[in-house]
Amino acid sequence: MLLFLVAVSLQLAEASPNVPNITDLLEALNTTERLWLGIRSYDWHEARQRHNCVYIEKESLTESEYKFKQHYIADGKSNVSEFHAVLGSQTPDGPTMNVTSKSGEGAITYTLRTWEKTAKCGVLTFIDKNNNTQCELYAWDSEVVIINMTSAYLCEW
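Those letters in the sequence shown? Residues -15 to -1, 1 to 142, per mature numbering (1 follows the signal peptide of the UniProt record, and there is no 0), in order.
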């Protein structure tokens, strides 16, 4: 079911006649609300290390830079990681941002493929280490109805 929803989201992104721009990316990131990861097309971790109840909180945002904290539960424990993103160029698929951890490791380029202004949700894609396109669906806290549908954990903080 999860893969089906992700595939549908990505197909909708590809079919959309309105490619997001850097203004859309800034709008998507410019919130004091939590940005919840609702659906993803991958799982990097073994079952007990899987990141559940993932959300992002903005630390700062300018036209060229985004600093944020990612909160998640792994193995029953709450965790926080800090990240820095350089907001990049416009591509045919949408605007990009190059994300690194606070320590500067693991740069990943994300592309905003869709941004639904009314629903306050969007799809980001990136290329994984196996050269596969992966996607993540994020939504503002005020727009989330069901959080982390595949998680056995309750997302309460």
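Beta carbons are placed, not taken as given, at the ideal position from N, Cα and C, and that holds for glycine.
Length of the line joining the Cα atoms of residue i and residue j
i: residue 77; j: residue 18; result: 29 Å
i: residue 57; j: residue 90; result: 19 Å
i: residue 22; j: residue 95; result: 14 Å
i: residue 145; j: residue 43; result: Here the chain covers residues -15 to 142 and nothing more, so residue 145 does not appear.
i: residue 3; j: residue 129; result: 23 Å
i: residue 60; j: residue 68; result: 21 Å
i: residue 35; j: residue 109; result: 19 Å
i: residue 113; j: residue 49; result: 24 Å
i: residue 115; j: residue 124; result: 27 Å
i: residue 9; j: residue 16; result: 12 Å
i: residue 20; j: residue 100; result: 13 Å
i: residue 38; j: residue 66; result: 14 Å
i: residue 7; j: residue 84; result: 15 Å
i: residue 121; j: residue 107; result: 8 Å
i: residue 12; j: residue 47; result: 11 Å
i: residue 201; j: residue 127; result: Because the chain in this structure spans residues -15 to 142, residue 201 falls outside the shown range and cannot be described.
i: residue 64; j: residue 87; result: 15 Å
Whole-number beta carbon distance between residue j and residue i, since they are thought to touch under 8 Å
i: residue 54; j: residue 45; result: Not a contact, Cβ separation roughly 11 Å.
i: residue 119; j: residue 27; result: 5 Å
For residue i, the three-state DSSP class (helix, strand or coil)
i: residue 110; result: strand
i: residue 139; result: Low confidence applies here, because residue 139 scores a pLDDT of 47, under 50, leaving its location unreliable; read the following figure in that light. The answer is coil: DSSP assigns residue 139 none of H, G, I, E or B.
i: residue 104; result: coil
i: residue -14; result: Confidence is the limiting factor: at residue -14 the pLDDT is only 41, short of 50, which leaves the residue's position unreliable and the question unanswerable from this model.
i: residue 44; result: strand
Residues that residue i bridges to, as DSSP identifies them
i: residue 210; result: Because the chain here runs from -15 to 142, residue 210 falls outside it and cannot be looked at.
i: residue 57; result: 64
i: residue 120; result: 110
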